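Peer 1: Have a look at this one before I ask anything.
Number of protein chains: 2
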Amino acid sequence: MIELENASLQNLVDFLKKTGVKITLTRLILLKTFTNNPDVHFDFNSLLSIVRKEDSNYGIATLYRNLDMLIEKNIISVNTIDNVKYYELITPQKGSIHIHLICKHCKNVEEYSGYEIIQFLNLIKDKYGFDINYGSINVYGICKKCREKAKE
Amino acid sequence: MIELENASLQNLVDFLKKTGVKITLTRLILLKTFTNNPDVHFDFNSLLSIVRKEDSNYGIATLYRNLDMLIEKNIISVNTIDNVKYYELITPQKGSIHIHLICKHCKNVEEYSGYEIIQFLNLIKDKYGFDINYGSINVYGICKKCREKAKE
DNA sequence: CTGTTTGCAAACCTTTTGCAGAGCC
DNA sequence: GGCTCTGCAAAAGGTTTGCAAACAG
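Protein chains in written order, with our numbering: chain A, 1 to 152; chain B, 1001 to 1152.
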């Protein structure tokens, strides 16, 4: 699992410095975007427009490169839903693993994390000797609301 | 869950006909590729070279279009691992949900399905009232072999 | 016979790369 | 001061689209 106890901006900055990454303006802006929104998963264009509010010259290539770096460092994760990539902060609170319940009908994505997932993954770990670092669970189906609407 | 009891070629053909899809040569070749390899997940280029062994003019656009159609009909699923899309047959045996254990080190992908997953998902279903149709569970980490090698 | 499907090539969109200049430590 | 990081523009990939011909039912 991730080495960080706390995904606060300061911790992340310290962690990156320790591993030899230079803390530049573009990287600070990006880190701030994630730590201010620990439960949001952003697609690329949303991220771009957010970071450009703070630095209107923020380049596309730079954003891609910084995202890759954060993924490499296990600070954020990517998850592809319906052909769109979503980036989000990995936090110990979320156990670095959580479920996305994706409603095929209303396209809404609910996030859920809880001890059942940890339990379940420990089972997999024990059975397969697989040392889990990060996981993404995407479940496609129909959500409660849509099912109830369909009955009417 | 999927309406088909059995993902045999004949059943799939009948199912598609019923829903108004014309059974063409390119579609038969693609269906055969999946039903002959129910446990394989193919990337696009592997699929293309396989189907072109039977029809050397099989077009790229046609393959994309046919894959989209099969996804739409819930016959196959896509799963993105490390930026590559993998297509595979959905079978009731697999419970339409299984786990991919992806080793970051050797890049090997182990597939695993079992009652624990069904159990786990039923839990989610009950707790959230979410009607599950298809799910993909990707777990990134280090596999047993690589961990043992690292110790040496 | 009619509407759908196909292959081709061009268009598209997302992501990556090369490079000269700017910035961190 | 040295080496990394950045923005730009061009290139590269992967996927989609428009069209005329071929084909399924």
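Ideal Cβ positions, reconstructed from N, Cα and C, are used throughout, including at glycine.
Since the structure is predicted, the reported quantities are computational estimates derived from the model, not experimental observations.
State yes or no: is the beta carbon of Ile-1075 (chain B) nearer than 9 Å to at least one beta carbon in chain A?
Peer 2: Residue numbering aside, residue 1075 (chain B) sits at position 75 when the second sequence is read from its first letter. Answer no: the Cβ-Cβ gap between Ile-1075 (chain B) and chain A never drops below 9 Å.
Peer 1: Under three-state DSSP, which class holds Gly-135 (chain A)?
Peer 2: Taking the first sequence and counting its residues from 1, one reaches residue 135 (chain A) at position 135. If DSSP states are grouped into helix, strand and coil, Gly-135 (chain A) belongs with the strands.
Peer 1: For Ala-163 (chain A), does the count of other Cβ atoms within 10 angstroms reach 16, so buried, or fall short, so exposed?
Peer 2: Because chain A in this structure spans residues 1 to 152, residue 163 (chain A) falls outside the shown range and cannot be described.
Peer 1: Whole-angstrom Cβ separation of His-1098 (chain B) and Val-1139 (chain B), contact assumed at under 8 Å?
Peer 2: Within the second sequence, residue 1098 (chain B) is the residue found at index 98, counting from 1. Within the second sequence, residue 1139 (chain B) is the residue found at index 139, counting from 1. Actually they are not in contact, since the Cβ atoms of His-1098 (chain B) and Val-1139 (chain B) sit about 11 Å apart, beyond 8 Å.
Peer 1: Quick check: is the beta carbon of Leu-101 (chain A) nearer than 9 Å to any beta carbon in chain B?
Peer 2: By one-based count along the first sequence, residue 101 (chain A) stands at place 101. By this cut-off, Leu-101 (chain A) is an interface position.
Peer 1: Tell me the DSSP secondary structure of Asn-11 (chain A) in three-state form.
Peer 2: Along the first sequence, read from residue 1 onward, the residue named residue 11 (chain A) stands at position 11. Helix, per DSSP.
Peer 1: Leu-28 (chain A) versus chain B: which residues are under 9 Å apart at the beta carbon?
Peer 2: Working through the first sequence from its first residue, we reach residue 28 (chain A) at position 28. Here the premise fails: no neighbours, minimum Cβ distance about 26 Å.
Peer 1: Using only CA atoms, which one of B:Gly-1059, B:Asn-1133, B:Cys-1106 and B:Ile-1124 lies nearest to Gly-1141 (chain B)?
Peer 2: Here residue 1141 (chain B) is taken as the residue at index 141 of the second sequence, counted from 1. Closest option to Gly-1141 (chain B), Cα to Cα, is B:Cys-1106.
Peer 1: Nearest by alpha-carbon distance to Ile-1090 (chain B): which of B:Asp-1082, B:Tyr-1128, B:Tyr-1115 and B:His-1041 is it?
Peer 2: Translated into the one-based positions of the second sequence, residue 1090 (chain B) becomes position 90. The shortest C-alpha separation from Ile-1090 (chain B) is found at B:His-1041.
Peer 1: Residues in the same chain with beta-carbon distance under 8 Å from Ser-1008 (chain B), minus the five sequence neighbours each way, listed in chain order, please.
Peer 2: Here the question's residue 1008 (chain B) lines up with position 8 in the second sequence. Closer than 8 Å at the Cβ level, and outside the excluded window around Ser-1008 (chain B), lie Thr-1035.
Peer 1: May I ask you to report which of helix, strand or coil DSSP gives Ser-113 (chain A)?
Peer 2: What you label residue 113 (chain A) is simply residue 113 of the first sequence in a count that begins at 1. Three-state DSSP puts Ser-113 (chain A) in coil, outside helix and strand.
Peer 1: Who are the Cβ neighbours of Tyr-112 (chain A) in its own chain at under 7 Å, not counting the five residues just before and after it?
Peer 2: Locating residue 112 (chain A) in the first sequence gives position 112, where the first residue counts as 1. So the qualifying residues of the chain are His-98, Ile-99 and Leu-101.
Peer 1: From what residue to what residue does the beta strand (DSSP E) around Lys-32 (chain A) run?
Peer 2: Here residue 32 (chain A) corresponds to residue number 32 of the first sequence, with the count starting at 1. First-last for Lys-32 (chain A): 25-36, but that is the alpha helix (DSSP H), not the beta strand (DSSP E).
Peer 1: I'd like the span of the alpha helix (DSSP H) that includes Asn-1226 (chain B), first residue to last.
Peer 2: Absent from the structure is residue 1226 (chain B), since the part of chain B shown begins at 1001 and ends at 1152.
Peer 1: Hey, out of A:Lys-127, A:Glu-72 and A:Thr-33, whose CA is closest to Leu-25 (chain A)'s CA?
Peer 2: What you label residue 25 (chain A) is simply residue 25 of the first sequence in a count that begins at 1. The residue with the shortest Cα to Cα distance from Leu-25 (chain A) is A:Thr-33.
Peer 1: How about the region 1114-1122 of chain B and the region 1045-1061 of chain B: do they share at least three Cβ pairs that are nearer than 8 Å?
Peer 2: No, the region 1114-1122 of chain B is not in contact with the region 1045-1061 of chain B.
Peer 1: Does DSSP put Phe-1130 (chain B) in a helix, in a strand, or in coil?
Peer 2: Taking the second sequence and counting its residues from 1, one reaches residue 1130 (chain B) at position 130. Three-state DSSP puts Phe-1130 (chain B) in coil, outside helix and strand.
Peer 1: Just to check my reading of the structure: Leu-1156 (chain B) and Leu-1047 (chain B) have Cβ atoms closer than 8 Å, yes? What is that Cβ distance to the nearest angstrom?
Peer 2: No information on residue 1156 (chain B) is available, as it lies outside the stretch 1001 to 1152 that chain B covers here.
Peer 1: Give the interface partners of Ser-136 (chain A) over in chain B, defined as CB-CB distance under 9 Å, in chain order.
Peer 2: Along the first sequence, one-based indexing puts residue 136 (chain A) at 136. What Ser-136 (chain A) touches in chain B: Ser-1136, Ile-1137, Asn-1138, Val-1139 and Tyr-1140.
Peer 1: Closest by CA to Val-78 (chain A), which one among A:Glu-54, A:Ile-50 and A:Asp-43?
Peer 2: Residue numbering aside, residue 78 (chain A) sits at position 78 when the first sequence is read from its first letter. The residue with the shortest Cα to Cα distance from Val-78 (chain A) is A:Asp-43.
Peer 1: Do Lys-104 (chain A) and Asn-1133 (chain B) have their beta-carbon atoms positioned less than 9 Å apart in this structure?
Peer 2: For the purposes of this step, residue 1133 (chain B) is identified with residue 133 of the second sequence, where counting begins at 1. For the purposes of this step, residue 104 (chain A) is identified with residue 104 of the first sequence, where counting begins at 1. Going by C-beta atoms, Asn-1133 (chain B) is nearer than 9 Å to Lys-104 (chain A).
Peer 1: To the nearest angstrom, report how far apart Ile-2 (chain A) and Leu-1067 (chain B) are at their CA atoms.
Peer 2: Looking up residue 2 (chain A) in the first sequence gives position 2. Looking up residue 1067 (chain B) in the second sequence gives position 67. Only weak support is given to the placement of Ile-2 (chain A): the predicted model assigns it a pLDDT of 37, under 50, and the question is left unresolved by the model.
Peer 1: Beta carbons nearer than 9 Å to chain A: which residues of the region 1036-1067 of chain B have them?
Peer 2: Those would be none; no residue qualifies.
Peer 1: Of the residues that make up the region 120-132 of chain A, which ones have a beta carbon closer than 9 Å to any beta carbon in chain B?
Peer 2: Answer in chain order: Phe-120, Leu-121, Leu-123, Ile-124, Lys-125, Lys-127, Tyr-128, Gly-129, Phe-130, Asp-131 and Ile-132.
Peer 1: What does Glu-1111 (chain B) touch in chain A if you count any residue whose Cβ is under 8 Å from its own?
Peer 2: Along the second sequence, one-based indexing puts residue 1111 (chain B) at 111. By Cβ distance, chain A contributes nothing, its closest Cβ being about 11 Å from Glu-1111 (chain B), past 8 Å.
Peer 1: Lys-144 (chain A) and Phe-1130 (chain B) look like a contact to me (Cβ under 8 Å); what is the Cβ gap, rounded to whole Å?
Peer 2: In the first sequence, the residue the question calls residue 144 (chain A) occupies position 144. In the second sequence, the residue the question calls residue 1130 (chain B) occupies position 130. Right, their Cβ atoms sit about 7 Å apart.
Peer 1: Do Leu-31 (chain A) and Ile-75 (chain A) have their beta-carbon atoms positioned less than 9 Å apart in this structure?
Peer 2: Numbered from 1 along the first sequence, position 75 holds the residue referred to as residue 75 (chain A). Numbered from 1 along the first sequence, position 31 holds the residue referred to as residue 31 (chain A). Contact flag set, yes.
Peer 1: If you follow the beta strand (DSSP E) that Ser-1077 (chain B) is in, where does it begin and where does it stop?
Peer 2: For the purposes of this step, residue 1077 (chain B) is taken as residue 77 along the second sequence, with counting starting at 1. Where Ser-1077 (chain B) is concerned, the enclosing beta strand (DSSP E) stretches over 1076-1081.
Peer 1: 9 Å is my cut-off, CB to CB: does Leu-1009 (chain B) come that close to chain A?
Peer 2: Along the second sequence, one-based indexing puts residue 1009 (chain B) at 9. For Leu-1009 (chain B), the answer is no, since every Cβ of chain A falls outside 9 Å of its Cβ.
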